[in-house]
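A.B. asks:
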Amino acid sequence: MSLPLPRRRFLPRVSLLALATLLALPAYAAPNEDEDQDGSRKPAIVVTGERSRATIENSPSTSARIDAERIDTTTNAVNVEDTIKYLPSLVVRKRHIGDTQAPLATRTSGLGSSARSLIYADGALLSSLIGNNNTSASPRWGLVAPEEIERIDILYGPFSAAYAGNSIGAVVNITTRLPDKLEGTLSALTNLQDYDQYGTKALYPTYQFAGTLGDRFGPLSLFAAATHTASKGQPLSFVTTNRPAATGAGGSLTDGGYDALNRTGTPIRVLGASGIETQHQDVLKLKAALDVTGEIRVTYVGGLFLDDTNAVAETYLSNSAGPVYSGSLNIGGYPYNIAASAFSGGVYTRDSRHWSHTLSARGDTNGLDWEVIGSLYDFDRDVQRTPSGALPAANAGGAGQIVRLDGTGWRTLDAKANWRTGTQSISAGGHWDRFTLSSNRYTTTDWIQGAEAQLNLVSRGKTETFALWAQDAIDVGPVTLTLGGRYEWWRSFDGYNYSLSPALAVTQPERHAQGFSPKATVAWTPAENWSVRLSAGKAYRFPTVGELYQAVTTGPTMSVPDPTLRPEQAVSEELAIEHADRHGSVRLSLFNESVEDALISQSAPLVPGSATLYNYVQNVGRTRARGLEFALDRRDVVPRFDLAGSVTYTDAETREDAAFPAAVGKMLPSVPRWKASAVATWRPDDAVSLTAAARYASRNWGSLDNSDVVGNTWQGFYKYLVIDARAHFRVNEHYSFAVGVDNLTNDKYFLFHPFPQRSVTAEMTMRL
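Going by this note's numbering, the first residue of the sequence shown is number 4, and it counts up by one from there.
1) How about Ile477 and Arg536: are their beta carbons less than 9 Å apart?
2) Could you say if the segment 277-285 and the segment 219-236 meet the contact criterion of at least three C-beta pairs nearer than 8 Å?
3) For Gly348, which three-state DSSP category applies?
4) Measuring CB to CB, does Gly719 end up less than 9 Å from Val725?
5) Which residue marks the beginning of the alpha helix (DSSP H) containing Ala71, and which one marks its end?
6) Does DSSP put Ala205 in a helix, in a strand, or in coil?
7) DSSP on Ser92, reduced to helix/strand/coil?
8) To the nearest whole angstrom, what separates the beta carbons of Ala628 and Leu671, a pair I think is in contact under 8 Å?
9) Suppose you measure from the CA of Gly464 to the CA of Arg407; what does that come to, to the nearest Å?
10) Do you know how far the Cα of Glu60 is from the Cα of Lys419?
11) Cα-Cα, which of Ile155, Asp102, Ile100, Pro106 is closest to Val94?
12) For Val713, does the three-state DSSP call read helix, strand or coil?
13) I need the straight-line Cα distance from Trp413 to Gly306, nearest angstrom please.
14) Can you give me the Cβ contacts of Lys184 inside the same chain, cut-off strictly under 8 Å, excluding the 5 residues immediately before and after it?
15) What does the Cβ neighbour count give for Ala454, buried or exposed, with the cut at 16 atoms within 10 Å?
16) I'd like to check one pair, Pro63 with Tyr159: are the Cβ atoms closer than 9 Å?
17) For Lys290, does the count of other Cβ atoms within 10 angstroms reach 16, so buried, or fall short, so exposed?
18) Starting from Tyr552, trace the alpha helix (DSSP H) both ways and give me its first and last residue.
19) Is the Cβ-Cβ distance between Lys288 and Thr179 less than 9 Å?
20) Nearest CA to the CA of Ala700: which residue from Gly221, Ala681, Tyr501?
21) Give the secondary structure of Ser592 by DSSP, where H, G and I count as helix, E and B as strand, and everything else as coil.
22) DSSP has Gln282 in a bridge; who is on the other side?
23) In the DSSP assignment, find the unbroken beta strand (DSSP E) run with Arg407 in it and report its ends.
24) Does DSSP classify Arg698 as helix, strand or coil?
25) Going by Cα to Cα distance, which pick from Leu646, Arg643, Ala666 is closest to Thr626?
26) Looking at the strands, I want to know which residues DSSP matches up with Ala124.
27) Using 9 Å as the threshold, is the C-beta distance between Gly275 and Leu216 below it?
28) Quick check on the burial criterion: 16 or more other C-beta atoms within 10 angstroms. Buried or exposed for Glu153?
29) So is Val620 buried or exposed if we call it buried at 16+ other beta carbons inside 10 Å?
30) Counting only runs of 3+ residues fully inside the segment 632-688, write out the beta strand (DSSP E) ranges in chain order.
31) Please determine if the segment 311-330 and the segment 346-353 are in contact, where contact requires at least 3 C-beta pairs separated by less than 8 Å.
32) Return the CA-CA distance between Ala516 and Leu362, expressed in angstroms with no decimal places.
33) Would you call Asn176 buried or exposed, if buried means 16 or more other Cβ atoms sit within 10 Å of its Cβ?
34) Tell me which same chain residues have a C-beta within less than 6 Å of the C-beta of Leu486, skipping the five on either side of it?
35) Report the option in Asn169, Arg68, Phe162 whose CA atom is closest to the CA atom of Ser117.
36) How about the segment 321-335 and the segment 383-398: do they share at least three Cβ pairs that are nearer than 8 Å?
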């Protein structure tokens, strides 16, 4: 194994220049920083230890599953990411319906570590491994609609050689339906959120219409799905400024605003809200499968995602002439100088057209199964426009910035096979991927409709990985021994950074790394219905192209790349004890993870006390996360009453960091000590399901040194307890409807952004 990479711990010269560039230019993008009684019922929400029958990889990892029936009856699922929110240790940071920036956090990794999980739909990679953040690198959940889902399987930890080191946290495998006969659905949904925070008081509606149609024609199966969603969300950010230390007489008299503290405890004034998004999204899917022979099937899955977003801002300030957005002001006796662009960063439009294509061939024979699958995800069009001038004049146009990500995307290719005998299962395969970043920023004379003018910022580059893997599972009486390994060759190339002012044009050097990741699992069945499983695995998570090269600003937050980042190396262990019978399962897992050169994204004030943050990724010497996870899934605990849930305790901290000693011994960003979920369902008869559910997380932190001492504020990370309810009614085999409430107790909390408050959902579905 060799890792011929420089061991630099401080931001290189190009990163400092990139930061200077960001300071010199206006901000763009969305505000972001840096969760039947007849015995024929489908599996309950959590089915730990269950293996997918169709999985060639034969993963030995602890697993969980949810299927379409459970989603329908227990979960207010407007978007596909909603369907996994009650599964053990998982948190999707979904800020509002239609959010395109919703990363997945796992047992040991936080919300800024999107590259530490792998998410697939029918074998196509939805994880946006162009970065490791909660903005452009968030999973492309929008390519799947809840109506398509057959089931979702979760694998915990890097214990399967079939998956790249990005599986450190978890692997999410989404399987969509393929019909055996004529079937179709039509559904309509509406959601209404009642939001009240600072000076923003409003009702935010969502409307969604969806349909599916499928049939089988001899050897050919066809399935199509379409979804249209129109939504408006609560503010994603608040406009703030530091409060002066003393009162004064300067500035024009202005009313409004709210006194508060920022996350480091500095007194601030909240001036208004921004990033209030109105979205129109469409998802179109086509799935075709041809049985070439009785053993060989060829499948194509195509997807189109369209997003039209318009974000506005509102001010809490006013004087005798009307609303106030900037200037020399006196508010409550304190003099303020509010920049002309203070509100502009949270005003933008976004126009996206993304394509996904997957082609696979699979053979199932006696003893030997194989599959070849290739996928492509393309940012065919991705344009964001932001004003540079002051509001309210900028609402009508004027100078601004245009950012284009056209050409960004990824391609993957996998070939794998599994050979089975009576006591042995051997799997092996090869993998290739390429991720491309293409980000260009231009000036424009009209940010609403104008053409691109001068190019002022370029970030581009590529990464590529080749891998070979093998895994052997051997049954010896009550013991199954699984041994595996994965060897990966990685490179980054074609890296280039340019800025107009300050002048910068750097062609980044090509870099290479490689590594071997061994895996081992021993599973023992000491008695009927009992299993004990001990797993250990190593994983390399190579830097993403965005971490290496992408310099951006997102509202009040700046992101700085580092082209010298090294791969992070994780060693993980898990001991799982499980009891499973016809009523469900109970599992206790003890886990430990140690990561060297951990790639951690965090945010810090640009200068002490500043409301402007910059995000950066650094190699942290060593981190450790250990804890336990208890998962329960019991059907008919008493007749017609099902109960599922989990409790996770994680002690996650920085152990070594020569570049930032203040972080040693502190909790890792956005990894709370406690997470829990519970889902209770009562079926008074076969046509009615009544569900109450809850999600909890203890205090989060946003910085490595835990200096963000105030959690429940804009840019802070706080605890939450969210209680949901759902009632599902099946009128007959063709019609059903449901009503639900999310955040029933109206918990108001921040995970950097303000999160949704109480909302009510109503939906109706018709089936052929």
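Ideal Cβ placement from N, Cα and C applies to all residues, glycine included.
C.D. replies: In brief:
1) Here residue 477 corresponds to residue number 474 of the sequence shown, with the count starting at 1. Here residue 536 corresponds to residue number 533 of the sequence shown, with the count starting at 1. No. Outside cutoff.
2) Taking a cut-off of 8 Å on C-beta distances, the segment 277-285 touches the segment 219-236, as three or more cross pairs fall below it.
3) What you label residue 348 is simply residue 345 of the sequence shown in a count that begins at 1. Gly348 carries a helical assignment under DSSP once its states are collapsed to helix, strand and coil.
4) Indexing the sequence shown from 1 puts residue 719 at position 716. Indexing the sequence shown from 1 puts residue 725 at position 722. Contact check for Gly719 against Val725 fails: the beta carbons are separated by 9 Å or more.
5) The residue labelled residue 71 in the question sits at position 68 within the sequence shown. Run containing Ala71: 71-77, per the alpha helix (DSSP H) assignment.
6) Residue numbering aside, residue 205 sits at position 202 when the sequence shown is read from its first letter. Of the three classes helix, strand and coil, the one that applies to Ala205 here is strand, per DSSP.
7) The residue labelled residue 92 in the question sits at position 89 within the sequence shown. It is coil, neither helix nor strand.
8) Stepping through the sequence shown from its first residue, residue 628 is reached at position 625. Stepping through the sequence shown from its first residue, residue 671 is reached at position 668. With 8 Å as the limit, Ala628 and Leu671 qualify as a contact, their Cβ atoms being about 7 Å apart.
9) Numbered from 1 along the sequence shown, position 461 holds the residue referred to as residue 464. Numbered from 1 along the sequence shown, position 404 holds the residue referred to as residue 407. Looking at the two C-alpha atoms, the distance is approximately 15 Å.
10) Taking the first residue of the sequence shown as 1, we reach residue 419 at position 416. Taking the first residue of the sequence shown as 1, we reach residue 60 at position 57. Their Cα atoms are separated by approximately 8 Å.
11) Within the sequence shown, the letter at position 91 stands for residue 94. The shortest C-alpha to C-alpha distance from Val94 to any of Ile155, Asp102, Ile100, Pro106 is the one to Pro106.
12) Residue numbering aside, residue 713 sits at position 710 when the sequence shown is read from its first letter. In this structure, DSSP gives Val713 a state outside helix and strand, which the three-state scheme calls coil.
13) One-based indexing of the sequence shown puts residue 413 at position 410. One-based indexing of the sequence shown puts residue 306 at position 303. Whole-angstrom Cα-Cα distance: 15 Å.
14) Working through the sequence shown from its first residue, we reach residue 184 at position 181. Here the set comprises Asp218, Arg219.
15) Residue 454 sits at position 451 when you count from the first residue of the sequence shown. By the Cβ-count criterion, Ala454 is exposed, with fewer than 16 other Cβ atoms from all chains shown falling within 10 Å of its own Cβ.
16) Looking up residue 159 in the sequence shown gives position 156. Looking up residue 63 in the sequence shown gives position 60. Cβ distance not < 9 Å, so Tyr159 and Pro63 don't count as in contact.
17) Here the question's residue 290 lines up with position 287 in the sequence shown. Buried.
18) Translated into the one-based positions of the sequence shown, residue 552 becomes position 549. Counting along the chain, the unbroken alpha helix (DSSP H) around Tyr552 starts and ends at 548-552.
19) Here residue 288 corresponds to residue number 285 of the sequence shown, with the count starting at 1. Here residue 179 corresponds to residue number 176 of the sequence shown, with the count starting at 1. Yes, these two residues count as a Cβ contact at 9 Å.
20) For the purposes of this step, residue 700 is taken as residue 697 along the sequence shown, with counting starting at 1. Looking at the Cα atoms, Ala681 is the closest of the given residues.
21) Here residue 592 refers to the residue found at position 589 of the sequence shown. Strand at Ser592.
22) Residue 282 sits at position 279 when you count from the first residue of the sequence shown. Paired residue(s): Ser234, Thr312.
23) The sequence position of residue 407 within the sequence shown is 404, counting from 1. From DSSP, the beta strand (DSSP E) with Arg407 extends over 403-407.
24) Reading the sequence shown from its first residue, position 695 is the one you call residue 698. In the structure shown, Arg698 sits in a strand (DSSP, three-state: E or B).
25) Taking the first residue of the sequence shown as 1, we reach residue 626 at position 623. The residue among Leu646, Arg643, Ala666 with its C-alpha nearest the C-alpha of Thr626 is Ala666.
26) Taking the sequence shown and counting its residues from 1, one reaches residue 124 at position 121. Looking at the DSSP output, Ala124 shares a beta bridge with Ala127, Ile177.
27) Numbered from 1 along the sequence shown, position 272 holds the residue referred to as residue 275. Numbered from 1 along the sequence shown, position 213 holds the residue referred to as residue 216. No, the Cβ-Cβ distance between Gly275 and Leu216 is not below 9 Å.
28) Working through the sequence shown from its first residue, we reach residue 153 at position 150. Exposed is the call here.
29) For the purposes of this step, residue 620 is identified with residue 617 of the sequence shown, where counting begins at 1. Label assigned to Val620: buried.
30) If we require 3 residues or more, the beta strand (DSSP E) runs fully inside the segment 632-688 come out as 644-659, 677-688.
31) Yes, they touch.
32) One-based indexing of the sequence shown puts residue 516 at position 513. One-based indexing of the sequence shown puts residue 362 at position 359. About 29 Å.
33) The residue labelled residue 176 in the question sits at position 173 within the sequence shown. Buried: at least 16 other Cβ atoms inside 10 Å.
34) Taking the sequence shown and counting its residues from 1, one reaches residue 486 at position 483. Correct list, in chain order: Asp475, Ala523.
35) In the sequence shown, counting from the first residue as 1, residue 117 sits at position 114. Residue Asn169 is the option with its Cα nearest to Ser117.
36) Three or more Cβ pairs closer than 8 Å define a contact, and the segment 321-335 meets that threshold against the segment 383-398.
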